[in-house]
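In the working numbering, the protein residues as written are 3 to 310. Ideal placement from N, C-alpha and C gives every residue a C-beta, glycine not left out. Here is the structure we will look at.
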């Protein structure tokens with residue numbers, strides 16, 4: 003299988019490494035030139051409990067260096083980069099190419115549909131944990147299940163074959179109907195944890211240590227839950243607020259991705275997380291004042307981070 007991983011940060015590198023070790027022809031495509039150069043010169047180092055394994059894999063910062071049509075494009079760029087990334091990679095996409103997004107937030111599938119047929123698009127969630135140690139070095143902090151499927155639920159035989167390929171490469175994967183509900187499960191977790199930790203510069207678990215932050219979490223997730231119900235989305239948890247609290251507790255020492263973005267002076271994915279709740283709330287006529295406020299606060303925080 004010919005595979006291009008669009009966005010070779012921590013998660014993209016983990017998936018690319020597993021597929022390459024499984025015998026597939028994999029390209030990593032990422033704009034971080036030092037990361038690309040290190041991978042090409044020394045290989046990609048994946049650390050499991052501080053034990054590195056080096057994977058020989060091709061990497062480039064210029065998609066035009068990849069000449070072949072792909073069987074699979076794995077999309078892992080930040081959500082605000084999805085559109086420009088796809089524009090630069092259209093020569094890699096044929097009529098039979100599958101595009102799989104495992105990105106955060108809601109709205110990436112809509113962007114992909116502007117470029118390819120809906121029949122070519124798969125979406126899903128991943129429970130892997132990973133972070134970048136240094137250029138060309140990824141820490142695989144925890145293994146988890148990958149769940150994929152089609153938004154419309156009409157999974158195909160070829161999708162089952164893709165899942166089998168992932169499993170054979172050591173990526174525990176499940177094909178499931180109703181994947182949109184799973185994406186919203188993860189969205190609600192991000193809605194409740196990411197912006198509050200980013201605004202307050204605290205770890206996930208600290209949100210549960212005082213009543214003010216816990217109450218804010220409850221309100222943000224509650225609004226998002228009302229939007230999901232109005233949209234007819236079937237969530238996996240009867241108590242989404244309780245689920246988000248459980249995740250915050252289980253990941254108590256983690257810094258959320260949004261907090262890491264703010265600390266590094268980068269744009270966040272707020273428009274695809276709390277901003278998506280606001281957008282869908284307007285579409286489905288559900289009031290979301292707290293999510294709208296938190297979205298504006300994060301945007302203000304971003305601008306201050308850029309200035310500093």
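Are there three or more Cβ pairs, one per stretch, closer than 8 Å when the segment 32-48 is compared with the segment 127-140?
Touching, yes, given that three or more Cβ pairs across the two stretches are closer than 8 Å.
Own chain partners of residue 296 with C-beta closer than 7 Å, once the 5 adjacent residues on each side are dropped
Only 197, 222 and 276 meet the Cβ criterion.
Other residues of its chain near residue 28: CB distance less than 6 Å, five sequence neighbours each side excluded
In the same chain as residue 28, and ignoring 5 residues on each side of it, the C-beta atoms closer than 6 Å to its own belong to 5, 18, 21, 22 and 59, in chain order.
Would you call the segment 166-186 and the segment 146-153 in contact, with 3 or more CB pairs under 8 Å?
Under the 8 Å Cβ criterion, the segment 166-186 counts as touching the segment 146-153, having at least three qualifying pairs.
Only counting the same chain, and skipping five residues up and downstream in sequence, which positions put a Cβ closer than 6 Å to that of residue 254?
When the five nearest sequence neighbours on each side are left out, the beta carbons in the same chain lying within less than 6 Å of the beta carbon of residue 254 are those of 206 and 207, in order along the chain.
With three or more C-beta pairs closer than 8 Å as the rule, is the segment 265-280 touching the segment 301-308?
Proximity of the segment 301-308 to the segment 265-280 meets the contact definition, three or more beta-carbon pairs being nearer than 8 Å.
Quick one: Cα of residue 121 to Cα of residue 212, how far?
Cα-Cα distance, rounded: 47 Å.
Do you know offhand how far residue 53's Cα is from residue 143's?
Roughly 11 Å separates the two Cα atoms.
Kindly confirm or deny that the segment 123-133 and the segment 94-111 touch, where touching means at least three C-beta pairs closer than 8 Å.
Judged by Cβ distances under 8 Å, the segment 123-133 makes contact with the segment 94-111, as three or more pairs qualify.
For residue 105, which beta-bridge partners are listed by DSSP?
Beta-bridge pairing links residue 105 to no other residue.
As a quick exercise: from 133, 178 and 245, pick the residue whose alpha carbon is nearest that of residue 161.
If we check each option's Cα against that of residue 161, 178 comes out closest.
For residue 168, which beta-bridge partners are listed by DSSP?
According to DSSP, residue 168 bridges with nothing at all.
For residue 61 and residue 298, I'd like the C-alpha separation in whole angstroms.
The alpha-carbon separation between residue 61 and residue 298 amounts to approximately 37 Å.
Residue 180 in three-state terms, based on DSSP
Coil at residue 180, not helix or strand.
So, are the CB atoms of residue 76 and residue 7 less than 8 Å apart?
Yes; because the gap between Cβ atoms is below 8 Å, this pair is in contact.
Curious, which full-length beta strand (DSSP E) runs of at least 3 residues does the segment 136-170 contain?
The segment 136-170 contains these whole beta strand (DSSP E) runs: 139-144 and 148-151.
CB-CB length for residue 38 against residue 15, believed under 8 Å:
Rounded, the Cβ-Cβ distance is 11 Å, inconsistent with contact.
Determine, using beta carbons only, whether residue 117 and residue 158 come nearer to each other than 8 Å.
Inclusion of residue 117 and residue 158 in the CB contact set at 8 Å is not warranted, their separation being larger than that value.
Residues that DSSP places opposite residue 53 in a beta bridge:
Looking at the DSSP output, residue 53 shares a beta bridge with 50.
Out of curiosity, what's the CA-to-CA distance linking residue 40 and residue 167?
If you draw a straight line from the Cα of residue 40 to the Cα of residue 167, it comes to about 28 Å.
Going along the chain, which residues of its own chain have a beta-carbon closer than 6 Å to the beta-carbon of residue 65, five neighbours each way excluded?
31, 90 and 91, listed in sequence order.
Relative to the alpha-carbon of residue 248, which residue among 172, 230 and 209 has its alpha-carbon at the smallest distance?
Across the set 172, 230 and 209, the C-alpha of 209 shows the shortest separation from the C-alpha of residue 248.
Exposure label - residue 237; buried when at least 16 CB within 10 Å:
With at least 16 other beta carbons inside 10 angstroms of its own, residue 237 counts as buried.
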